[in-house]
C-alpha cells in the first residue's frame, strides 16, 4: 500500500476531518483534527479504518451572522493555533506577550547550532522571561528534550510557577525536601532526571558529591543556571567557606558544560562584579576561548557579542519608544517601567529613655571590646561581632534589641578567630550576594560569658520602650505611611530583622485606618508561604480604593520575588550597610510591569544614634549619585562596604576616648572616605567602559520589530483575547460582572446559562460544581491563576475550551443552541463606499526545517483576512490593514434576511474567480515565511541548508462577509 495523502492534506476519518502530519507512513496516518491541537493527535490505520480525502466545506449562504461574527470566528481560529508557521514555533503556546527587546536573546539563540549564552540584563528587565522564551522554543522545535533550571532553593518554586503559567512547561522540584518522595517512584536503577524530563533543581543540593555525578550523567540537554555569578566568584581567602561553596558549584557547571552538545543558559544581573577572573570563568563556561580572548580587540568583542547580552534600562528603551530615532512604528511599545524613583530621606530622633538605653549599650559594648582585646585574638573577634550585633539591633527596634540582648552570640562557640569571623559576619553584615539572604534576618546574639544579668536588665528596659511613646522611629513611620496611602501608594516596609518586622506589623495594626490591610513576611516562612501571604494580602485589600495594603518584610523578599503588581513604594525602615541591598529592595517594585509612573522611596535614618547618618552619607547617597550620573548602578564590593561600616562602629565605640585611633575619627575620616570615593569612582568608570565595550550590537531593533510584527499578525495580542472572551461569553448567555480586584480587565462570569456543550467543556477545568451551581468563574489578566480561575491568555484551558466551542459551533450549521460566530454575513454600514467582501482564509504550510538531528517535517497553520471591492471577477484587493479594519465597522441597520441570503448565494457562487489570487497569496506567505526563517538563522549556514516552506493548496475559506454601503442596503431592504 502506498501513502496517497501528503502532509498537510485533509482527510475524513472517524466522523470528522483531519490534517495529515509528516510523521505518517504508508500503513499509518498521523492525524491532527482540523482546528485541533497537538494534544488531539491520533494514529489511524487505513487498512482497518476508512479514510477518505476531504475538501473543506464552503460556507452556507443562509448561515448569516451580524458584524461581530467575522471577528469572533477569526479569534477563535487563532486561539486554537498551538504552533506558528514562523521561526518562533513556541510563541503560540505561551501565556506571555514578550516585548521586542525580550526577543533579542531568543534571536541570538536561534543563530547558534548549540545554544550557549550569558544573559546579564539589568534587574527588573525580565531575564526569566528571556530564558523561558529560549527554553520553550528549543523544546517546541525538538532541539531539546528536557530542561533543568539550577537555582537557589528560595527561588525554586517561583521558577516552577513561571515555567508553568507563562510557558506551559511542567517541571518537578528537586530539593532536599522533595528528593525522597521523587525517588520512591523510580524504577530500579532509574535516575530521577530520566524519569522527569523537566526539573527545577537546588544548585546547593545537587552540587554535593553524593548527587552531582548522577546529575551530570543524566543531565537534560538544556540547562539554565540562575544567579550564575554565585558559581564562579573569585577564591577569596578571607571567606574560605564561601569560596569552597562557589568552587563546588563551579565544578558542577564545568562538568555540565563539558558536553559540547548541551544547551547552556547562564543568567545573572551581575556578571562582572568588578572581578575580571570571575567574569572570565563565566565566559569560559559558555565557550572556552572566551576565557582568554582579547576583549579589547574588535574580533574579541564580535565573538563575545554572539554569546553575551547585558543591557541596562537605558539600553532597552530604544526598543520601547520612538524618541530614539527608530523609524518603524511597530517598535513604539509603551514603556512598562516607572519613569524614575523619587527619593526622600527622613530623620527621626530617639526618645530620652531610648537615648539613655543606647548610650548604656554602647558603653557595655565598648568595655567588652576593650577587655577582650587583652584576652586573645579569638576573644577580640567574638566581642567585636557581639558589639556590632547589639548596636544594629538596638537602632532597629526595641524588640530586636531585647532579643539580641538575651541571645547568645553565634560567634561565642568559635574555636578560633577565623571561625568567629565566619560565624559572626553573616548575621551582622548586608552582603549583596543573594546566597546570603536565607536565614540572615534572624536577630543576632550579643550575650557572652559572664554578662547575663547586665544584659537582661538592658533587655527589660528595651521591652518597656515598645510603642510610639518610647519608640519615636515607629511613630514617624506611621506618619509617613499615612501620607503614602493618602496619595494612593501601596508601600513595602523593609526591616533588617524578623523581630522588628513582626513588631512593626503588630504596632501598625489599627493605626492606618480600618480598611488598611497589613501583613508581615519574614524568613520564618517558606518561599511558597511568602508568596501565598502576599497574594492573600492583595486579595484582602481588594479593588476598593478605600481598601489599602501595607507589607512589612525583611530582606528575604529583596531578591527574586516580583512585587511590582501589588506595591509601588518602598520604605527602608532599617538602613542596610551595603547600598546594593537598597537597590535590590527597590528593584522588587521598580521593574517591568510596574503601573505607577513614579516609585517612591523613603529612607528613615536616625539623626542622633551615631550610626545611620554616617552610613547614609558615606554609602547610600554615594551609590545614588553614581547611578544618577552614569545611569547605571555600580555595586560596592562587600569587603569595601564592610571596611567602612567597621570603621563607623569603631568610631562609635571609641568616641570620647583620648586614644582615638578610629579610621573615621577626625582627619582619618576624611582620608578613609576619600579612599572609598576614589575606589568606587574607579569601579564606576570600569563599569561604564564595560557597558560600552560589551553593548549588544549584533541584533538591531529593526530586526526584532519585523519578527514581532509577523508574530502578532498571525496570533493576535492580549487585547484580542480579552475582547473575544467577553464578547463570546456575552453572546452565549453568560452573566459578566466586574471582578472587584481593581485590575483593569479582570471580571467574573456565571456560565450556568450557556449552552450545554460549553458547560461540559468547562466543567473539567473549573470544576463541575462551579458550572452547575452558577458560581462565578474569575477571569484574570495575570496568567498566574489559582484552580477554578481562568487567565485571559491564549493558552488557558478555559479560553481554549471557549474558542473550540465557538469555532466548532460556527462550522457545524446543524448544531443546537446559540452560535455567536457565523461563517457568513451581509452588513449594511456607513464604513464602506462600495460593496466590499471580506474573506477569512486558513492556510496550511508544509515546512522542512534543518536541525542538529536532521531535517524536521512540520505542518503549521495561519489565518488571514483578505478583502476586495466589487465583484469577484473584477476584484480590487485591499491591504491587510484595510481588511482588518472591516472587523470594527458598525452596522447602520438590519439587512433583510432574504436579501442577505440571495447576496451571499451569488457571492459564494463566484468565489472560484478569486482562487488564483488566494493561491498566489498563499505562495507569497510561504515565501515570506521562508525568508523569516532564514533571517533568524542567517548567522550559521549549516542551520538554513535544506530549509523549505510550501503552501498547501487549496486554502480553506472559513468565512465570507459582504459589506454594503448604507444607501444600497436600505434600498434593498
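Residue numbers (this note's numbering): 2 to 974. Heads up, the beta-carbon is just placed ideally off N, CA and C, and yes, glycines get one too.
Please report the straight-line C-alpha distance between residue 910 and residue 866, rounded to a whole angstrom.
Rounded to the nearest angstrom, the two C-alpha atoms are 19 angstroms apart.
Endpoints, the beta strand (DSSP E) within which residue 861 is located:
For residue 861, the enclosing beta strand (DSSP E) begins and ends at 857-870.
What residue ranges within the stretch 180-257 form continuous alpha helix (DSSP H) runs of no fewer than 4 residues, ordered along the chain?
Listed in chain order, they are 180-185, 193-196, 204-207, 210-218.
Which residues DSSP lists as bridging residue 29, in chain order:
26.
Taking contact to mean at least 3 C-beta pairs separated by less than 8 angstroms, is the stretch 151-167 in contact with the stretch 285-294?
Contact between the stretch 151-167 and the stretch 285-294 is absent, because fewer than three Cβ pairs lie under 8 angstroms.
Look at residue 748 and residue 737 and say whether their C-beta atoms are less than 7 angstroms apart.
Taking the C-beta atoms as reference points, residue 737 is found nearer than 7 angstroms to residue 748.
Coarse secondary structure for residue 535, derived from DSSP in three states:
Look at residue 535 here: in three-state DSSP terms it is helix.
So does the stretch 358-375 actually touch the stretch 411-424, counting three or more Cβ pairs closer than 8 angstroms?
No: fewer than three Cβ pairs fall under 8 angstroms.
How many angstroms separate the CA atom of residue 297 from the CA atom of residue 214?
Between residue 297 and residue 214, the C-alpha separation is close to 38 angstroms.
Whole angstroms is fine: what's the gap from residue 90's alpha carbon to residue 485's?
Our two residues, residue 90 and residue 485, have alpha carbons roughly 45 angstroms apart in a direct line.
First and last residue of the uninterrupted alpha helix (DSSP H) at residue 508
Looking at the DSSP string, the run of the alpha helix (DSSP H) that includes residue 508 is 499-509.
If you follow the beta strand (DSSP E) that residue 737 is in, where does it begin and where does it stop?
The continuous beta strand (DSSP E) containing residue 737 extends over residues 736-739.
Assuming residue 265 contacts residue 224 under a Cβ cut-off of 8 angstroms, what Cβ separation, rounded to an integer in Å, is found between them?
Taking C-beta atoms under 8 angstroms as the contact rule, residue 265 and residue 224 qualify, at a distance of about 5 angstroms.
Check each candidate in 347, 66, 60, 45 and name the one with the smallest Cα separation from residue 826.
Minimum Cα-Cα distance from residue 826 among the listed residues 347, 66, 60, 45 corresponds to 66.
Name the DSSP bridge partner or partners of residue 900?
Residue 900 is not bridged to any residue.
May I ask you to report which of helix, strand or coil DSSP gives residue 567?
Coil.
Rounded to whole angstroms, what is the Cα-Cα separation between residue 606 and residue 464?
Whole-angstrom Cα-Cα distance: 21 angstroms.
Take residue 7 and list the residues in its own chain whose beta-carbon comes closer than 6 angstroms to its own, dropping the five residues that flank it on each side.
Cβ neighbours of residue 7 beyond the five flanking positions: none.
Of all the options 926, 967, 958, 954, which has the alpha carbon lying nearest to the alpha carbon of residue 87?
The option with the nearest alpha carbon to residue 87 is 926.
Report, in whole angstroms, the separation of the C-beta atoms of residue 156 and residue 588, which I expect to be a contact under 8 angstroms.
Not a contact, Cβ separation roughly 14 angstroms.
Nonlocal neighbours in the same chain, by C-beta distance under 8 angstroms from residue 885, ignoring five residues either side:
For residue 885, where only same-chain residues beyond five positions count, the Cβ hits under 8 angstroms are 866.
Pick from 579, 511, 92 that is closest to residue 497, judged by C-alpha positions:
Its Cα nearest to that of residue 497, the residue 579 stands out among 579, 511, 92.
Would you call the CB atoms of residue 978 and residue 135 closer than 7 angstroms?
Residue 978 cannot be examined here, being either before or after the span of the chain that is shown, 2 to 974.
From the DSSP output, in three-state form, read off residue 143 for me.
Correct three-state label for residue 143: coil.
Whole angstroms is fine: what's the gap from residue 861's alpha carbon to residue 217's?
For residue 861 and residue 217, the distance between alpha carbons rounds to 36 angstroms.
If you measure from the beta carbon of residue 739 to each beta carbon in chain B, is any gap under 7 angstroms?
Among the chains in the structure shown there is no chain B, since it carries only a single protein chain.
Less than 7 angstroms separating the beta-carbons of residue 221 and residue 149?
For residue 221 and residue 149, yes; Cβs fall inside 7 angstroms.
Give, in chain order, every unbroken run of the alpha helix (DSSP H) that is at least 4 residues long and sits entirely within the stretch 773-840.
Fully enclosed alpha helix (DSSP H) runs of 4 or longer: 798-812.
Quick one, are the C-beta atoms of residue 609 and residue 350 less than 7 angstroms apart?
Contact flag set, yes.
Can you round the beta-carbon distance between residue 268 and residue 58 to whole angstroms, since I take them to be within the 8 angstroms contact cut?
No, residue 268 and residue 58 are not in contact; Cβ-Cβ is about 50 angstroms, not under 8 angstroms.
Specify the secondary structure class of residue 849 as computed by DSSP and reduced to three states.
The answer is strand: DSSP assigns residue 849 an E or B state.
Residue 77 versus residue 441: straight-line alpha-carbon distance, rounded:
The C-alpha of residue 441 is placed about 51 angstroms away from the C-alpha of residue 77.
Shortest alpha-carbon distance to residue 532 belongs to which of 564, 735, 166, 949?
Cα-wise, what sits closest to residue 532 is 564.
Take residue 666 and list the residues in its own chain whose beta-carbon comes closer than 6 angstroms to its own, dropping the five residues that flank it on each side.
Residue confidence for residue 666 is low, a pLDDT of 47 falling below 50, so the modelled location carries little weight and cannot support an answer.
Among the residues of its own chain, which have a CB less than 6 angstroms from the CB of residue 957, if the five just before and after it don't count?
Once the five neighbours on either side are set aside, the close Cβ partners of residue 957 are 57, 843.
Between which two residues does the beta strand (DSSP E) harbouring residue 955 extend?
It spans 949-966 - the beta strand (DSSP E) in which residue 955 sits, taken as one unbroken run.
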